[in-house]
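When you number the sequence shown by my numbering, it's gap-free, plus one each residue, and the end is 656.
Quick reminder that beta carbons are idealized off the backbone N, C-alpha and C, glycines included.
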Amino acid sequence: MKEGHSLTQRTHTWNKQVYSNKTYIHPETGENFDLSHMTPKIISIKYEYHDERKNKIKGELNVQVIFSYHCYTKSLKKGENNTILVTEYEDGVIKEHRIFDQSRYQYSFTLLGIILNISYKLCRESRIKGKVIRLEEKDKTNPAKGIYIIMKLKAKKEELILYVETAHYRKNEPYNAQLRKETRRFMLILGDMLKEDWNHLVK
454 MKEGHSLTQR THTWNKQVYS NKTYIHPETG ENFDLSHMTP KIISIKYEYH
504 DERKNKIKGE LNVQVIFSYH CYTKSLKKGE NNTILVTEYE DGVIKEHRIF
554 DQSRYQYSFT LLGIILNISY KLCRESRIKG KVIRLEEKDK TNPAKGIYII
604 MKLKAKKEEL ILYVETAHYR KNEPYNAQLR KETRRFMLIL GDMLKEDWNH
654 LVK
């Protein structure tokens, strides 16, 4: 870490008036929205790469998947009076209020299925280490439109973690995504990351 720089501490709190036991309770209708499918889980993901001798190395890894609450919430805009579900902080200062987003919530069930079968999905890798993006429901008239699934891979000791940061409709690529042009299967992107940075995870 460079001198004079410190890590930003990011935290969040839930509004317990509308959130309990992995369930969102609509403040007006009382309807319950089960969020348990978004809890962390271990899944098997395939990988593939070529070693220095051009031998193809293939296998599977158990990966912990963590879904961000961004997968079913959106930012509270100025002037809106919706009930806050999550409040985000940076170094103890409020950064953002987030509210329940029913369209993202409905899509989160599809999202879960995509992540469970992510190995063969075509994705684009970012120049930001570990970041990968999958574009779903691409608009035929504008290939930049669609549902962007933004993921981040991290290795912690002997464990590989896949953070699903968000999944929502956009008309353009995420700002500062630094995406590479080529599209490749997730298993190949993961394979290169394992080869270059996390080879100790390959048994």
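Alpha-carbon spacing of residue i relative to residue j, whole angstroms
{"i": "His-479", "j": "Ile-581", "result": "37 Å"}
{"i": "Ser-572", "j": "Lys-656", "result": "18 Å"}
{"i": "His-523", "j": "Asp-554", "result": "9 Å"}
{"i": "Phe-562", "j": "Thr-492", "result": "12 Å"}
{"i": "Ser-521", "j": "Trp-467", "result": "13 Å"}
{"i": "His-490", "j": "Arg-506", "result": "42 Å"}
{"i": "Ile-586", "j": "Thr-619", "result": "10 Å"}
{"i": "Trp-651", "j": "Asn-508", "result": "18 Å"}
{"i": "Asp-487", "j": "Lys-499", "result": "30 Å"}
{"i": "Glu-484", "j": "Gly-532", "result": "25 Å"}
{"i": "Glu-578", "j": "Lys-584", "result": "6 Å"}
{"i": "Leu-641", "j": "Thr-482", "result": "46 Å"}
{"i": "Ile-510", "j": "Asp-504", "result": "7 Å"}
{"i": "Glu-612", "j": "Leu-565", "result": "21 Å"}
{"i": "Ser-473", "j": "Tyr-502", "result": "43 Å"}
{"i": "Tyr-542", "j": "Gly-512", "result": "39 Å"}
{"i": "Met-604", "j": "Asn-534", "result": "30 Å"}
Residue i, DSSP secondary structure in three states
{"i": "Arg-557", "result": "helix"}
{"i": "Gly-483", "result": "coil"}
{"i": "Leu-488", "result": "coil"}
{"i": "Glu-649", "result": "helix"}
{"i": "Leu-641", "result": "helix"}
{"i": "Leu-613", "result": "strand"}
{"i": "Leu-632", "result": "strand"}
Same chain, Cβ closer than 8 Å to residue i, five either side skipped, listed in chain order
{"i": "Gly-599", "result": "Leu-588, Glu-589, Glu-590, Lys-591, Asp-592, Tyr-622, Arg-623"}
{"i": "Asp-441", "result": "This structure gives no information on residue 441, because the portion of the chain shown stretches from 454 to 656."}
Cβ shell of residue i (< 7 Å), same chain only, five flanking positions each side left out
{"i": "Asn-409", "result": "With the chain running from 454 to 656 in the structure shown, residue 409 is simply not present."}
{"i": "Ser-528", "result": "Glu-549, Arg-551"}
Chain-order list of residues whose beta-carbon lies under 6 Å from that of residue i (same chain, five-residue window excluded)
{"i": "Leu-643", "result": "Tyr-500"}
{"i": "Gln-631", "result": "Ser-579, Arg-580, Ile-581"}
{"i": "Asn-625", "result": "Ala-597"}
Residue i and residue j closer than 8 Å at C-beta
{"i": "Val-617", "j": "Ile-537", "result": "no"}
{"i": "Tyr-558", "j": "Tyr-601", "result": "no"}
{"i": "Leu-575", "j": "Arg-637", "result": "yes"}
Residue i beta carbon near the ligand HEM (any heavy atom closer than 7 Å)
{"i": "Phe-553", "result": "No copy of the ligand HEM occurs in the structure displayed, which carries no ligand at all."}
Minimum length 3: unbroken beta strand (DSSP E) runs contained in the segment 567-605: 575-578, 584-589
Contained alpha helix (DSSP H) runs [length at least 4] in the segment 499-569, N- to C-terminal order: 555-569
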